[in-house]
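Novice: Quick one: structure below, then a few questions.
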Ligand SMILES: *Cc1c(COP(=O)(O)O)cnc(C)c1O
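Residue numbers (UniProt numbering): 1 to 229.
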């Protein structure tokens with residue numbers, strides 16, 4: 001067994017136990033393997049071990065890997081900051097975008113989504129950490145943004161995403177993830193049903209699952225430490 005396949009087994013087992021500890025079904029949490037900075041060969045290896053969903057942060061890297069791995073039935077999730085002049089390749093290549101934080105980006109993704117493809121699945125990224133984080137819309141912007149996205153033909157609003165500030169403090173993490181879960185309930189009360197809470201990474205996966213995460217985005221625990229350069 002390769003390092004990546006045994007890491008995938010460990011992460012799946014950890015998801016299962018976190019779900020069980022929270023009184024949830026392990027199948028209610030989807031694993032997104034975050035492959036940013038790792039070569040296409042690492043994705044291929046994870047694919048051989050049964051992993052199908054992969055997350056990327058950088059548009060050029062997504063393009064390169066999607067081209068190189070065309071022969072695999074992969075599901076690509078774009079999870080990084082997205083500038084308006086880079087939306088087209090994402091609209092064409094991704095199955096999901098987790099990091100929509102303003103309407104202009106959503107409108108461009110919708111308009112650029114090829115008509116032959118199903119609607120692009122999107123999550124609204126929310127800043128749940130206040131001043132400690134720059135990415136994501138403010139919690140009170142979520143409802144109007146969700147209403148506007150729900151009206152865009154090229155998009156399908158699936159839910160909400162957050163990245164809390166790095167902390168080991170369990171109470172802080174529970175509060176941050178709780179903000180996202182509460183916002184999802186508010187959307188539902190306003191008639192906007194969603195099925196996804198994209199929250200939890202290698203270091204805070206269990207806390208996110210306890211708070212209701214349906215999709216954890218895990219990089220380091222699967223592929224190892226990242227080296228930028
Ligand atoms: C890099 C990244 C991850 C994965 O983080 P790890 O700590 O390596 O698991 C998850 N989500 C987003 C948005 C990321 O940028």
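Where is the CB? At the ideal position from N, CA and C, for every residue including glycine.
In this text the structure is predicted, and so the values were computed from the model without any measurement.
1. Please determine if the stretch 157 to 176 and the stretch 204 to 211 are in contact, where contact requires at least 3 C-beta pairs separated by less than 8 Å.
2. To the nearest angstrom, how far is it from the Cα of residue 104 to the Cα of residue 84?
3. Measure from the alpha carbon of residue 227 to the alpha carbon of each residue in 134, 16, 38, then state which is nearest.
4. Could you give the first and the last residue of the continuous alpha helix (DSSP H) run that contains residue 178?
5. May I ask whether a heavy atom of ligand 1 can be found less than 7 Å away from the beta carbon of residue 136?
6. For residue 100, which residues does DSSP report across the bridge?
7. Between residue 127 and ligand 1, is there a pair consisting of the residue's CB and a ligand heavy atom that are separated by less than 7 Å?
8. Can you tell me whether residue 10 is buried or exposed? The criterion is at least 16 other CB atoms within 10 Å of its CB, across all chains shown.
9. Starting from the C-beta of residue 55, find all residues in its chain whose C-beta is less than 6 Å away, skip the five residues before and the five after it, and write them out in chain order.
10. Buried or exposed, going by whether 16 or more other CB atoms sit within 10 Å of the CB of residue 17?
11. Since residue 137 and residue 101 are thought to touch, with beta carbons under 8 Å apart, how far apart are those beta carbons, to the nearest angstrom?
12. Where does the unbroken alpha helix (DSSP H) through residue 18 begin, and where does it stop?
13. Less than 8 Å separating the beta-carbons of residue 199 and residue 180?
14. Strictly by DSSP, which residues pair up with residue 77?
15. Expressed to the nearest angstrom, what Euclidean distance is found between the alpha-carbon atoms of residue 147 and residue 186?
16. What is the DSSP secondary structure of residue 237, reduced to helix, strand or coil?
17. Considering Cα atoms alone, identify which of 23, 107, 95 is closest to residue 75.
18. Give me, in chain order, the residues of the same chain whose beta-carbon lies closer than 8 Å to that of residue 128; leave out the 5 immediate sequence neighbours on both sides.
19. Would residue 119 and residue 156 be called neighbours here (beta carbons separated by less than 8 Å)?
20. Do you know offhand how far residue 151's Cα is from residue 106's?
21. Once you ignore the five residues that flank residue 45 on each side, which residues in its own chain have a CB closer than 6 Å to its CB?
22. Can you tell which of 154, 170, 197, 19 has its C-alpha closest to the C-alpha of residue 88?
23. Is any heavy atom in ligand 1 found nearer than 7 Å to the beta carbon of residue 65?
24. So, is residue 170 buried or exposed, given that buried needs 16 or more other C-beta atoms within 10 angstroms?
Specialist: The relevant details are as follows:
1. The stretch 157 to 176, when compared against the stretch 204 to 211, does touch it at the 8 Å Cβ threshold.
2. For the purposes of this step, residue 104 is taken as the residue at position 104 of the chain shown. For the purposes of this step, residue 84 is taken as the residue at position 84 of the chain shown. Distance between the alpha carbons of residue 104 and residue 84 is about 7 Å.
3. The residue given as residue 227 occupies position 227 in the chain shown. Ranking the options by Cα distance to residue 227, first place goes to 38.
4. By one-based count along the chain shown, residue 178 stands at place 178. Element bounds for residue 178: 170 to 189.
5. The residue labelled residue 136 in the question sits at position 136 within the chain shown. No, the Cβ of residue 136 stays beyond 7 Å of every heavy atom of ligand 1.
6. Here residue 100 is taken as the residue at index 100 of the chain shown, counted from 1. According to DSSP, residue 100 bridges with 124.
7. Against the chain shown, residue 127 aligns to sequence position 127. No, the Cβ of residue 127 stays beyond 7 Å of every heavy atom of ligand 1.
8. Within the chain shown, numbered from 1, the residue matching residue 10 stands at position 10. When all chains shown are included, residue 10 counts as exposed.
9. Numbered from its first residue, the chain shown carries residue 55 at position 55. Only 32, 34, 77, 79, 217 meet the Cβ criterion.
10. Start at 1 with the first residue of the chain shown, and residue 17 comes out as number 17. Label assigned to residue 17: exposed.
11. Here residue 137 is taken as the residue at index 137 of the chain shown, counted from 1. Here residue 101 is taken as the residue at index 101 of the chain shown, counted from 1. That belief holds up - the Cβ atoms of residue 137 and residue 101 are roughly 5 Å apart, short of 8 Å.
12. Taking the chain shown and counting its residues from 1, the one referred to as residue 18 is at position 18. Segment 3 to 21, the alpha helix (DSSP H) holding residue 18.
13. In the chain shown, the residue the question calls residue 199 occupies position 199. In the chain shown, the residue the question calls residue 180 occupies position 180. Closer than 8 Å, so yes.
14. The residue given as residue 77 occupies position 77 in the chain shown. In the DSSP output, where bridge partners are listed per residue, residue 77 has 55, 96.
15. As a working mapping, residue 147 is identified with position 147 in the chain shown. As a working mapping, residue 186 is identified with position 186 in the chain shown. Rounded to the nearest angstrom, the two C-alpha atoms are 12 Å apart.
16. Because the chain is modelled from 1 through 229, residue 237 falls outside the range shown and cannot be assessed.
17. One-based indexing of the chain shown puts residue 75 at position 75. Checking every option, the nearest Cα to that of residue 75 belongs to 95.
18. Taking the first residue of the chain shown as position 1, residue 128 is located at position 128. The answer, listed in chain order, is 136, 139, 162, 164, 176, 177, 179, 180.
19. Locating residue 119 in the chain shown gives position 119, counting from the first residue. Locating residue 156 in the chain shown gives position 156, counting from the first residue. Closer than 8 Å, so yes.
20. For this step, residue 151 is matched to residue 151 along the chain shown. For this step, residue 106 is matched to residue 106 along the chain shown. Roughly 11 Å between the two C-alpha positions.
21. Here residue 45 is taken as the residue at index 45 of the chain shown, counted from 1. Same-chain partners within the cutoff: 2, 4.
22. What you label residue 88 is simply residue 88 of the chain shown in a count that begins at 1. The option with the nearest alpha carbon to residue 88 is 154.
23. Locating residue 65 in the chain shown gives position 65, counting from the first residue. No, since every heavy atom of ligand 1 falls outside the 7 Å radius drawn around the Cβ of residue 65.
24. Numbered from 1 along the chain shown, position 170 holds the residue referred to as residue 170. Under this definition residue 170 is an exposed residue.
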